[in-house]
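Here the structure is laid out as structure tokens; the discussion comes afterwards.
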Amino acid sequence: MRILLIGSEGTLGSELQRQLKQNKQYTVFPYHKKMLDITLNEEIDKVFFKVKPQIVINCAAYTDVEKAEVEPAKAILVNGTATKNLAEASDKVGAIFVYFSTDYIFDGEQNVPYTEKSKPNPLNVYGESKWLGEKYTIESTARYFIIRTSWLFGRGEKKDFVDKIVDLSEIQREIPVITDQIGSPTYTMDLASATLALILTNNFGIYHIVNKGAASRYTFAQDVLSYSKEHAAHISMIDSKVYPHSARRPKYSVLDCQRFLDVFGYELPNWRERLSQYLKEVSTKKEW
Ligand SMILES: NC(=O)c1ccc[n+]([C@@H]2O[C@H](COP(=O)([O-])OP(=O)(O)OC[C@H]3O[C@@H](n4cnc5c(N)ncnc54)[C@H](OP(=O)(O)O)[C@@H]3O)[C@@H](O)[C@H]2O)c1
Numbered sequence: 411m412r413i414l415l416i417g418s419e420g421t422l423g424s425e426l427q428r429q430l431k432q433n434k435q436y437t438v439f440p441y442h443k444k445m446l447d448i449t450l451n452e453e454i455d456k457v458f459f460k461v462k463p464q465i466v467i468n469c470a471a472y473t474d475v476e477k478a479e480v481e482p483a484k485a486i487l488v489n490g491t492a493t494k495n496l497a498e499a500s501d502k503v504g505a506i507f508v509y510f511s512t513d514y515i516f517d518g519e520q521n522v523p524y525t526e527k528s529k530p531n532p533l534n535v536y537g538e539s540k541w542l543g544e545k546y547t548i549e550s551t552a553r554y555f556i557i558r559t560s561w562l563f564g565r566g567e568k569k570d571f572v573d574k575i576v577d578l579s580e581i582q583r584e585i586p587v588i589t590d591q592i593g594s595p596t597y598t599m600d601l602a603s604a605t606l607a608l609i610l611t612n613n614f615g616i617y618h619i620v621n622k623g624a625a626s627r628y629t630f631a632q633d634v635l636s637y638s639k640e641h642a643a644h645i646s647m648i649d650s651k652v653y654p655h656s657a658r659r660p661k662y663s664v665l666d667c668q669r670f671l672d673v674f675g676y677e678l679p680n681w682r683e684r685l686s687q688y689l690k691e692v693s694t695k696k697e698w
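Residue numbers (my numbering): 411 to 698.
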């Protein structure tokens, strides 16, 4: 199976690349931004012609939620228009197209987990651009998987929330973290293996895939420090209203993964368990 992996050096892309390379079933063609800028349509055509993919997994995205507020056209170009071009190119060559989306397409007004049927209503430009990418995907091909996920952590060059909390704990005694945003932290290793299970099926459509359980940013940060090495820092509570953010975020964006459970008969383990395992592994290898 020939897999074109786009955005192969990002947080999720690098984990997918690692898992795909371990599996002899797949021949993976990883493309990072310097090899393929997805906003250049002629480059997409050249890469598709060269690789002749059967599956296209797009991990390339504009993910800076704050910056998207000041350069919305760029976020829309990368997450929306470029997604359309990739989905159309996939359709033309008969390849399955995989697009990752986000809990930020929801407005957070619910107090029960969002299902695949819940109505999107993004509060910020990033969420808007990712929802546009979903709509373009659905319009452009029938053979798609849209995987909505949230609050990723895992190995990789890019700093995620976990890395940022660990870094701050080395320079600050007190780290203020928001209490009024609730979501599902998700380990890239689990998301990547669920994605690889999904693409072996023809059960196309939208899926919510996150680790089980929910947390506020505050409790997530507390867990990070409690599972990582000795430190003197402590996490203090702060309300998002007093935190200087330009992008609005949903107060509650837990995703309901029932559809994935129905198809595969399993759900991803609890985020807390996985965070603890992940932090043990990285601290043993002295990566921090
Ligand atoms: N991280 C999360 O918490 C989270 C939550 C929900 C959904 N998601 C979704 O999950 C997917 C993967 O996210 P991630 O956290 O792995 O993102 P990430 O670490 O920011 O990786 C995205 C990659 O895309 C690359 N990229 C940006 N613009 C590009 C372009 N024009 N052409 C080609 N590559 C480009 C980036 O390169 P540069 O860094 O060099 O720009 C980066 O390597 C995304 O679709 C994201 O929206 C993520």
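Cβ atoms here follow ideal geometry from the backbone N, Cα and C, with glycine treated the same way. Just so it is clear, the structure is predicted and the values come from calculations on it, not from any experiment.
Return helix, strand or coil for Pro463, following the three-state DSSP convention.
Here residue 463 corresponds to residue number 53 of the sequence shown, with the count starting at 1. Three-state DSSP puts Pro463 in coil, outside helix and strand.
Per DSSP, which residues does Arg684 bridge with? Please list them.
What you label residue 684 is simply residue 274 of the sequence shown in a count that begins at 1. Under the DSSP definition of a beta bridge, Arg684 lacks any partner.
Quick one: residues in its chain with C-beta nearer than 6 angstroms to the C-beta of Trp681, no 5 flanking neighbours on either side, listed in chain order?
Within the sequence shown, residue 681 is the residue found at index 271, counting from 1. For Trp681, where only same-chain residues beyond five positions count, the Cβ hits under 6 angstroms are Pro595, Asn621 and Gly623.
When you compare only the Cα positions, how much space is there between Asn451 and Pro523?
On the sequence shown, residue 451 is found 41 positions in, with the first residue counted as 1. On the sequence shown, residue 523 is found 113 positions in, with the first residue counted as 1. Answer to the nearest angstrom: the Cα atoms are 37 angstroms apart.
Coarse secondary structure for Trp698, derived from DSSP in three states:
Counted from its first residue, the sequence shown places residue 698 at position 288. Interpretation of Trp698 is limited by its pLDDT of 46, a score under 50 that renders its predicted location unreliable; the figure taken from the coordinates is listed afterwards. Annotated three-state conformation of Trp698 is coil, per DSSP.
Given a cut-off of 8 angstroms, decide if Gly564 and Glu425 are closer than it, judged by their beta-carbon atoms.
Sequence index remark: in the sequence shown, residue 425 carries index 15 (1-based). Sequence index remark: in the sequence shown, residue 564 carries index 154 (1-based). Yes, these two residues count as a Cβ contact at 8 angstroms.
Would you call the CB atoms of Val461 and Tyr472 closer than 8 angstroms?
Translated into the one-based positions of the sequence shown, residue 461 becomes position 51. Translated into the one-based positions of the sequence shown, residue 472 becomes position 62. Taking 8 angstroms as the Cβ cut-off, Val461 and Tyr472 do not qualify as a contacting pair.
Would you mind working out which of Lys651, Ala505, Lys569 and Ile467 sits nearest Thr551, comparing C-alpha positions?
Residue mapping note: residue 551 aligns to position 141 of the sequence shown, counting from 1. Of the candidates Lys651, Ala505, Lys569 and Ile467, the one whose C-alpha sits nearest the C-alpha of Thr551 is Ala505.
Under 8 angstroms between C-beta atoms of Ile585 and Ile575:
Position 175 of the sequence shown, counted from the start, is the residue given in the question as residue 585. Position 165 of the sequence shown, counted from the start, is the residue given in the question as residue 575. With respect to the 8 angstroms criterion, Ile585 and Ile575 are classified as neighbours on the basis of their beta carbons.
Is the closest heavy atom of ligand 1 to the C-beta of Glu419 under 7 angstroms?
The sequence position of residue 419 within the sequence shown is 9, counting from 1. Checking the Cβ of Glu419 against ligand 1 gives yes.
Quick check on the DSSP output: what are the complete alpha helix (DSSP H) runs of length 4 or more inside the segment 648-683, in order along the chain?
List check, alpha helix (DSSP H) in window: 668-674.
When the Cα of Glu476 is compared with those of Val438, Ala631 and Arg658, which residue comes out closest?
Position 66 of the sequence shown, counted from the start, is the residue given in the question as residue 476. For the set Val438, Ala631 and Arg658, the Cα lying nearest the Cα of Glu476 is the one of Arg658.
With 16 other CB atoms within 10 Å as the buried threshold, where does Gly615 fall?
The sequence position of residue 615 within the sequence shown is 205, counting from 1. Classification for Gly615: exposed.
Can you grab the Cα-Cα spacing for the pair Lys456 / Leu446, in whole Å?
For the purposes of this step, residue 456 is taken as residue 46 along the sequence shown, with counting starting at 1. For the purposes of this step, residue 446 is taken as residue 36 along the sequence shown, with counting starting at 1. Whole-angstrom Cα-Cα distance: 10 angstroms.
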